[in-house]
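A short write-up of the structure that comes next.
There are 2 protein chains.
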Amino acid sequence: MNLLLFEPDEIKDDNTVFLQGRRSQHIIEILGCRPGDIIRAGAINGPVGSGEILAIRGKGKNVEVVLLFSAQEGQPVHPAVDLIIGLVRPVMLKRLLAQATSLGVGRIFLINANRVEKSFFSASLLKEENYRPYLVQGLEQAKDTRLPQVTIHERFKPFIEDCIPQIAPDYARMLVAHPGESQGLKHLLESDFAGRTLLAVGPEGGWVDFEVRKFIEQSFVPVGLGRRVLRTDTAVVALLAQLMLLRGER
Amino acid sequence: MNLLLFEPDEIKDDNTVFLQGRRSQHIIEILGCRPGDIIRAGAINGPVGSGEILAIRGKGKNVEVVLLFSAQEGQPVHPAVDLIIGLVRPVMLKRLLAQATSLGVGRIFLINANRVEKSFFSASLLKEENYRPYLVQGLEQAKDTRLPQVTIHERFKPFIEDCIPQIAPDYARMLVAHPGESQGLKHLLESDFAGRTLLAVGPEGGWVDFEVRKFIEQSFVPVGLGRRVLRTDTAVVALLAQLMLLRGER
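Here the protein sequences come in this chain order: D and V.
Position 176 of the first sequence, counting from 1, maps to 176 under the working numbering, and the rest follow consecutively.
Position 59 of the second sequence, counting from 1, maps to 309 under the working numbering, and the rest follow consecutively.
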C-alpha cells in the first residue's frame with residue numbers, strides 16, 4: 001500500500017477519516033505509525049494529499065485510526081488507455097484487474113468470446129463489491145485514485161456491433177492483440193502519439209478468426225508481440241507497458 | 251501448452267519419445283489428439299519441430315503417448331535480456347519465473363537485498379527440481395525451448411562487487427529499475443539497440459538507496475516506469491516488454 005485510500009463518503013466535514021480493519025492494521029503493523037506521523041493518502045476518484053494520524057484507538061484487530069486529510073495535488077490524470085478483455089478465469093482476473101489498474105486504465109470492458117468458458121460469467125467475482133477491492137489494490141500500489149470503470153458484456157456481437165461504434169470516436173487508435181500478427185507496436189513509434197487508445201486482448205486461447213475480423217471491420221488494427229504467444233495477463237501488462245513507453249508517460 | 255516439450259534424454263535413437271502423466275493427458279484430453287495427428291514439439295534447450303502421435307496406450311491417468319519427433323527449426327534464438335531480481339515470496343516467484351520465461355530471458359539471478367525476507371531463501375521452491383516446472387511452463391506458453399539459467403545469490407555485496415564485474419563485459423547496457431527515477435527507457439530509443447541487456451528489478455518494497463548506489467557504481471543506469479510504483483512481478487513484465495519494443499523483436 002503506497003497510498004492510503006478512502007471512499008469520498010468516509011471523510012467528515014472537519015476533514016477527518018476514521019479507519020478500521022485492514023487499513024488501520026496496515027498503518028499500525030506494517031507502516032508502524034504513531035500519532036503525529038504523516039502518510040500519503042487519497043480519496044477514491046478524488047485528490048491525493050497527506051493524512052496526519054490524529055489518534056490511534058483500541059488494539060489488534062479492533063484498532064481504529066483517526067486521520068486528518070489535506071488535499072494537495074488534485075486528482076491524478078485520466079489514464080490514456082481503455083482495455084477490452086476476453087473474460088478469463090476468476091483467479092487470473094483478480095490479478096489482471098489489480099495489475100492493469102496499477103498501470104493505469106480508464107475503462108475495462110470484460111467481454112464474451114468464443115474461447116471464454118460460459119461459467120466465468122456467473123463467477124461471484126463479477127459483482128462490483130467483489131472485484132472492486134482488486135481495483136483499489138492496484139490504485140494503492142500505483143499511488144493513483146482514479147478507479148477504472150468496469151462493465152461486463154455477455155454477448156460478443158452486440159458489443160462489437162453496437163457498443164464499439166458508439167465509443168469509437170473517443171479513441172485516436174484502436175488495437176486488437178493477436179499472436180502471430182507480424183506487426184508490433186513499433187510501427188506506432190513514428191506517429192504522433194496523442195489521444196486515447198482502446199486495446200483489446202483475447203481470452204485464454206485467444207480470439208478466433210471471426211472475432212479478429214469483427215474487430216478489424218470496426219477499424220481496430222491487429223498488433224502482435226513477436227513470435228511469442230503470451231498468457232492473457234502477461235499480454236495485458238506487456239502491451240500496456242509498451243503503450244506507456246510510446247506515450248513517453250512520466 | 252502451445253509447444254510440447256521433452257527432455258533431451260527422453261528421445262530415443264529412433265526419434266520416439268514416450269510421454270506419461272501431465273503431458274500425455276494434455277495431448278489426449280485438451281488437444282484431443284489421435285494416432286496420426288501431428289503437434290508442435292521441441293526438446294528443452296534443443297530444436298523445435300513436429301511430433302507425430304504414433305500410438306496411445308492405456309487410459310485416464312495412466313495413458314501413454316508415443317511421439318515421433320522431427321526436428322525442423324533448430325534452437326530458438328538466445329534471448330537478449332538477463333534478469334536480476336531481488337528475491338520475492340514464493341507464490342509471486344512461481345508466476346514471475348513463468349512470465350519472464352515466456353517473454354524470453356537468458357539468465358535469472360535471484361539475489362538478496364535489504365528488503366528481502368530472509369526466510370525466502372529457505373523456500374523449497376529454490377531447489378531446481380521445484381522451480382524448473384515454472385520455467386518449462388513459460389517455454390510451453392511461448393513456444394520456446396531455451397531454459398533460462400537460474401542462479402541464487404544469498405549475499406548482496408559479493409554478488410554486486412564480485413559477480414557483476416565478471417559478467418559486465420557481456421552486456422551492451424545494464425539497467426536498474428527504481429521507482430521515482432525520472433528517466434524511463436524512452437531515452438534508449440535513439441540509441442542503436444544491439445547487444446545484450448542486464449536488467450535489475452528490486453524485491454517487494456524496492457531496492458534501498460545503498461543498493462541503487464552499488465548498482466550505479468557498477469555502471470548500471472537507473473530507469474523508472476513513470477510516477478507509478480509497480481509490484482515486482484508487474485515491473486518485470488512491463489520492463490521486459492518495453493525492452494522487446496526497443497529491440498524491435500519479432
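Here a beta-carbon is modelled for each residue, glycine too, at the ideal position from N, C-alpha and C.
Do residue i and residue j have their CB atoms nearer than 8 Å?
| i | j | result |
| --- | --- | --- |
| residue 473(V) | residue 433(V) | yes |
| residue 233(V) | residue 274(V) | Lying before the first or after the last residue shown, residue 233(V) is absent from chain V, which here runs from 251 to 500. |
| residue 65(D) | residue 27(D) | yes |
| residue 87(D) | residue 114(D) | no |
| residue 238(D) | residue 486(V) | no |
| residue 398(V) | residue 334(V) | no |
| residue 81(D) | residue 110(D) | no |
| residue 375(V) | residue 443(V) | no |
| residue 261(V) | residue 283(V) | no |
| residue 211(D) | residue 232(D) | no |
| residue 16(D) | residue 67(D) | yes |
What is the rounded straight-line gap between the Cα of residue i and the Cα of residue j?
| i | j | result |
| --- | --- | --- |
| residue 44(D) | residue 228(D) | 37 Å |
| residue 122(D) | residue 89(D) | 11 Å |
| residue 42(D) | residue 310(V) | 55 Å |
| residue 402(V) | residue 213(D) | 47 Å |
| residue 436(V) | residue 240(D) | 15 Å |
| residue 128(D) | residue 234(D) | 24 Å |
| residue 2(D) | residue 285(V) | 55 Å |
| residue 206(D) | residue 281(V) | 15 Å |
| residue 161(D) | residue 176(D) | 15 Å |
| residue 345(V) | residue 452(V) | 16 Å |
| residue 408(V) | residue 382(V) | 25 Å |
| residue 320(V) | residue 351(V) | 24 Å |
| residue 406(V) | residue 466(V) | 14 Å |
| residue 14(D) | residue 428(V) | 37 Å |
| residue 21(D) | residue 146(D) | 23 Å |
| residue 19(D) | residue 341(V) | 29 Å |
| residue 356(V) | residue 450(V) | 14 Å |
| residue 422(V) | residue 259(V) | 35 Å |
| residue 209(D) | residue 279(V) | 23 Å |
| residue 430(V) | residue 130(D) | 31 Å |
| residue 312(V) | residue 62(D) | 53 Å |
| residue 248(D) | residue 441(V) | 16 Å |
By Cβ distance, which residues of its chain are closer than 7 Å to residue i, with the 5 residues on each side in sequence left out?
| i | result |
| --- | --- |
| residue 73(D) | 47, 48 and 49 |
| residue 500(V) | Bear in mind that a pLDDT of 49 at residue 500(V), under 50, signals an unreliable position, so the number given afterwards is only what the model happens to contain. The answer is none, since no qualifying residue turns up. |
| residue 164(D) | 218 |
| residue 116(D) | 86, 87 and 203 |
| residue 420(V) | 446 |
| residue 305(V) | 285 and 316 |
| residue 404(V) | 362 and 371 |
For residue i, collect the residues of the same chain with a Cβ closer than 6 Å to its Cβ; drop the 5 residues on either side in sequence, then sort them by chain order.
| i | result |
| --- | --- |
| residue 307(V) | 314 |
| residue 104(D) | 79 |
| residue 144(D) | 76 |
| residue 221(D) | 175 |
| residue 257(V) | 294 |
With residue i and residue j assumed to form a contact (beta carbons below 8 Å), what rounded beta-carbon distance in angstroms separates them?
| i | j | result |
| --- | --- | --- |
| residue 231(V) | residue 387(V) | Outside the modelled stretch of chain V, which goes from 251 to 500, sits residue 231(V), for which no answer is possible. |
| residue 385(V) | residue 142(D) | Not really, about 29 Å apart at Cβ, beyond 8 Å. |
| residue 197(D) | residue 225(D) | Their Cβ separation, rounded to whole angstroms, is 16 Å, which puts residue 197(D) and residue 225(D) out of contact at 8 Å. |
| residue 389(V) | residue 255(V) | 6 Å |
Any heavy atom of the ligand ATP within a distance shorter than 7 Å of the CB on residue i?
| i | result |
| --- | --- |
| residue 364(V) | The ligand ATP is not part of this structure, which contains no ligands at all. |
Near residue i, which residues of its chain fall below 8 Å by C-beta distance, leaving aside the five closest residues on each side in sequence?
| i | result |
| --- | --- |
| residue 369(V) | none |
3 or more residues per run - each beta strand (DSSP E) lying fully within the region 175-226 of chain D = 196-201 and 221-223
task = For the region 100-137 of chain D, list the beta strand (DSSP E) runs that are entirely contained and at least 3 residues long, ordered along the chain.
result = 107-111
query = Which runs of the alpha helix (DSSP H) spanning at least 4 residues fall entirely within the region 10-40 of chain D, listed in chain order?
reply = 21-25
request  = Could you pull out every unbroken alpha helix (DSSP H) segment of at least 4 residues lying fully inside the region 294-354 of chain V, listed in chain order?
outcome  = 340-353
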